[in-house]
Structure formats: C-alpha cells, structure tokens
Amino acid sequence: MNFTLFLNGTLKANMTLEGVEGEYFCIPEGVVVYSYYPGERRSSMALFDYNLTPVWKEKYQAFPEMYHNGSIILVDSCIYFVNTSDGNVSRKICPDVRRSYISHIRILGETVYYTVGYYDINLWKTRALIYLVRDKEVKKSEIATIEGHPLGVRLLIDANDEYVAVAYYLRDELRNEKDGVCVFTAGSLRKIACREFEDGERPVNIKLEGNIVYVQTTKGVKAYKILSPW
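Written as structure tokens, this is what we have:
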C-alpha cells in the first residue's frame, strides 16, 4: 500500500507499507499511516511528524485501536502499547484465557479496563469477561455466557471513578443471542446488576454519567439508574 503525503499542496513524502488497505489518523506527535490485509489483525505502520518527516516504520502482529497518553494501542489476542517516540512496544497486557477476542478497551487514569470473549472448552460455552489492570494488580469478572461457539461478540465499556458499565451482545452458531447491560464497582469489579434487552435489541454505544447508564441500542436509547448497596 502506497501513501503519498502533501503539506500545503507540496509533495513531502512517499511511504510503502505491506497490505492492501490503508488508513491514517492524527495524534499529538504527528500523522500515523497504517496498512493491513482485511480479515487479519496484523498491520504495518509509520509515524510522520507534522513537517511530514518520517519518524519510524514498523510491523506488528496486531491492529491499531486507539491513542492514549503518548502510546498507540494495538490489539490482537493481547493489548500492546507502542511508544510514539520510537515505535517500540513498551507494555503488553494479555488475558489469562486461550484464543480470546478483545472487544473493547477503556483507560481511566492508570487503570486499564478491557473486555474479552472466548469459548471455554471445559464449560462448552462462550464467556464474556471484563478485566481490570492497574500496575501489577489484575482483576476480572464475568459479564455473561451463551451456549455454543461465538459468532458475534460486542462488549462495550464506559467507566468512571465509581462504576464500570458494559453493554454486551453475544451470538453463537446455534442462533442463540443475548443482549444487555451489566454494572460493576470500579475498584473491585464486583457485579452490581445486569439487565437483558428485548429479543433483537443490540447495543450500539454506552455512556456512564454519574450513577446513570445510557445505552444506545438498535431500537432507541435506554437509561438505568445504578442503585448500589456498597
């Protein structure tokens, strides 16, 4: 994939990266271009400063997900923090389950929340989990389960200092489907409550404001007030 970069109408740089599809995004440090093969979670990436001077070029066995505080965050079966100064991986977070699919990430201060879907070969069902990582501390809690192998997994997160909310969509090869929302305590991931949606009502987005959870679904917007005994 070839990228051509212009500054004020003047050609400044050409860059060829491995892949057949390409995207770019801007971060405080400059412009990131990346390429990939559809259906694969590996990518080639380069960073240019705002004078369009190349800073670095690397290949990763993961796909860019977001930017946070000087790091480009990539995702595959693990989460990788790539330092924008040199393109090197400075941190790696992996769940303690095999063949996991990381659905969503939310970073709040020094705390990383992320959601995972995977097929548990011991229980013969698909499990959805949420993880909390803070320094060396790791906690997890179950969101929901469904029979069969996962065909569709979406686990959207929002969080504040008190609560973590997850809107979930799970579908298996048996055509079972579960959709709903769960709320946890922010510090311990203790499950407070869950609510299932109507059949076919899938979550699109989630927003947590104070003790109110707003979930945009395919049928409208739902609002839930958190009544916590803790």
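Under the numbering used here, read the sequence shown as residues -17 to 212, first letter to last.
Just so you know, even glycine gets a beta-carbon here, dropped at the ideal spot from N, CA and C.
For clarity, every value in this text was computed on a predicted model and none was experimentally measured.
Straight-line gap, residue i to residue j (C-alpha atoms, nearest Å)
i       : j        : result
Leu(-1) : Leu(-7)  : 18 Å
Val98   : Asn(-10) : 43 Å
Ile188  : Ala149   : 7 Å
Ala217  : Pro36    : Residue 217 is absent from the model: the chain starts at -17 and stops at 212.
Arg23   : Glu180   : 33 Å
Pro46   : Val115   : 20 Å
Lys122  : Leu34    : 42 Å
Integer-rounded CB distance, given that residue j should sit under 8 Å from residue i
i      : j      : result
Thr108 : Ile125 : Not confirmed; about 11 Å, so no contact.
Tyr113 : Ala141 : Between Ala141 and Tyr113 the Cβ distance is about 12 Å, and since that is not below 8 Å, they are no contact.
Asn158 : Gly130 : 6 Å
Beta carbon of residue i nearer than 7 Å to that of residue j
i      : j      : result
Gly4   : Met27  : no
Cys60  : Lys41  : no
Leu29  : Gly12  : yes
Lys207 : Ile194 : yes
Ala168 : Val146 : yes
Arg88  : Ile139 : yes
Asp58  : Trp38  : no
Under the three-state DSSP convention, the category residue i falls into
i      : result
His86  : strand
Gly134 : strand
Glu159 : strand
Gln43  : coil
Closest Cα partner of residue i within the set the options
i      : options                           : result
Pro132 : Glu155, Ala141, Leu111 and Lys122 : Glu155
Gly91  : Leu56, Tyr62, Gly69 and Asp143    : Asp143
Leu56  : Tyr16, Asn33, Tyr32 and Leu34     : Tyr16
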